[in-house]
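Under UniProt numbering, read the sequence shown as residues 1 to 233, first letter to last. Beta carbons: idealized from backbone N, C-alpha and C, even for Gly. Computed from a predicted model, the values in this text were never measured in an experiment.
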Amino acid sequence: MTHAAVTLRPLHELVPARFDTPAILKRLNAASRSLAELKGVAASIPNQGILINTLALQEAKDSSAIENIVTTHDQLYREGAADADKANAATKEVLRYRQTLQTGFERVRATGLLTLNTILDIQAELEHNRAGLRKLPGTALVDGAGRRIYEPPQDAREVQRLMGELEQFIHAEPAFDADPLIRMALIHHQFESIHPFYDGNGRTGRIVNVLYLVKEGLLDIPVLYLSRHIVRT
C-alpha cells in the first residue's frame with residue numbers, strides 16, 4: 001500500500017479554542033506545575049554548570065538511543081572528560097548532541113529567538129554536514145517491515161515554505177493565543193511532519209522542544225530530560 005505525500009495545514013489557520021478541552025487542560029496544568037517545579041529546583045542549585053552538563057549528557061544519550069545510536073554511561077563520562085576524538089562512533093554522536101544542545105541554548109538565551117537558521121545549524125552540527133533542507137524527492141518513513149507509513153512533503157519549495165511558516169509561528173504568540181506548551185506540541189508535530197532534513201529530524205526536533213521552552217521562559221537552562229520517557233514507552 002502506498003501513501004501519497006501529505007498536504008500540511010498551516011498552523012496559523014488552527015483555532016486555539018479547539019485545544020481548550022477538559023482533558024487537555026488537565027494535562028496542561030499538570031505539565032505546567034512540573035515545569036515550574038523543575039525550573040525552581042534548577043535555580044536553587046549553586047553550580048548549574050554541573051547540572052546542565054550531566055542532564056544534557058543523559059538527554060543526549062537517550063535521544064540518540066531513539067535513533068539506534070547506543071552507548072553506555074561509562075563510555076560517555078569517560079570520553080566526555082577525556083579526549084573525545086578517541087571515542088567510538090556512537091559516543092562521538094552523543095557527545096556531539098550535548099554540544100549542539102549547549103550551543104543552541106547559548107544562542108537562544110543571547111537573542112531570545114529560535115530562528116530557522118538556528119534550526120539549520122542544530123541539524124548541521126548533529127549530522128556533521130551542511131546538506132540543509134531537503135531538495136530531492138523520495139523521502140518516506142517506513143515501519144519495521146519496510147512498509148511506507150508516511151510521506152512528508154516532497155517538493156523543495158514546499159519544504160522551504162513550510163519551514164518559513166513554522167519559524168513565523170514560533171514567534172507568533174500574540175496572534176495565536178494558546179499556552180506555550182500547546183504551541184510547543186504543535187510546533188513539534190509540524191516539524192516532524194515536514195521532516196525537513198534528510199537525516200537528524202528526530203534529534204533536531206527534540207532539541208528544538210527544549211530550546212522553545214527556554215525561549216518562552218519556562219526553563220532558564222536546558223535541563224528537561226524528555227527522551228527517557230520516549231525510550232521507556
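Could you compute how far the alpha carbon of residue i sits from the alpha carbon of residue j?
| i | j | result |
| --- | --- | --- |
| Ala124 | Ala131 | 7 Å |
| Thr115 | Phe105 | 12 Å |
| Ile207 | Leu101 | 6 Å |
| Arg134 | Ser44 | 43 Å |
| Thr91 | Asp62 | 12 Å |
| Arg27 | Gln168 | 26 Å |
| Tyr225 | Leu219 | 12 Å |
| Met163 | Asn53 | 30 Å |
| Gln160 | Ile194 | 10 Å |
| Ala185 | Asn88 | 34 Å |
| Val108 | Asn209 | 12 Å |
| Arg148 | Ile50 | 43 Å |
| His188 | Gly205 | 6 Å |
| Leu120 | Lys215 | 17 Å |
| Val15 | Leu35 | 25 Å |
| Ala17 | Ile122 | 32 Å |
| Leu25 | Glu127 | 37 Å |
| Gln48 | Ala140 | 41 Å |
| residue 278 | Thr7 | Outside the shown range of the chain, which is 1 to 233, sits residue 278, and nothing can be said about it. |
| Ala23 | Arg183 | 17 Å |
| Pro196 | Asn129 | 15 Å |
| His12 | Phe191 | 14 Å |
Take the Cβ of residue i as the centre, count every other Cβ of all protein chains shown within 10 Å, and call the residue buried at 16 or more, exposed below.
| i | result |
| --- | --- |
| Ala82 | Because Ala82 sits at a pLDDT of 48, beneath the cut-off of 50, its placement in the model cannot be relied upon, and the following sentence gives the value as read from the coordinates. By the 10 Å Cβ count, Ala82 comes out exposed. |
| Asp20 | exposed |
| Pro153 | buried |
| Asn29 | exposed |
| Asp177 | exposed |
| Asp143 | exposed |
| Gly138 | exposed |
| Ala145 | exposed |
| Pro10 | exposed |
| Pro174 | exposed |
| Ala56 | buried |
| His171 | exposed |
| Pro222 | buried |
| Asn201 | buried |
| Asp179 | buried |
| Val94 | buried |
For the beta strand (DSSP E) that residue i lies in, which residues bound it at each end?
| i | result |
| --- | --- |
| Arg148 | 148-150 |
The alpha helix (DSSP H) that contains residue i, what's its start and end?
| i | result |
| --- | --- |
| Tyr97 | 89-111 |
| Gln168 | 156-170 |
| Tyr198 | First-last for Tyr198: undefined, no H or E at that position. |
| Gly132 | Segment: none, Gly132 is in no alpha helix (DSSP H) and carries neither H nor E. |
| Arg33 | 22-44 |
Any idea which residues DSSP pairs residue i with across the strands?
| i | result |
| --- | --- |
| Leu141 | Tyr150 |
Are the C-beta atoms of residue i and some chain C residue less than 8 Å apart?
| i | result |
| --- | --- |
| Leu166 | Given the protein chain composition of this structure (a single chain), no chain C is represented. |
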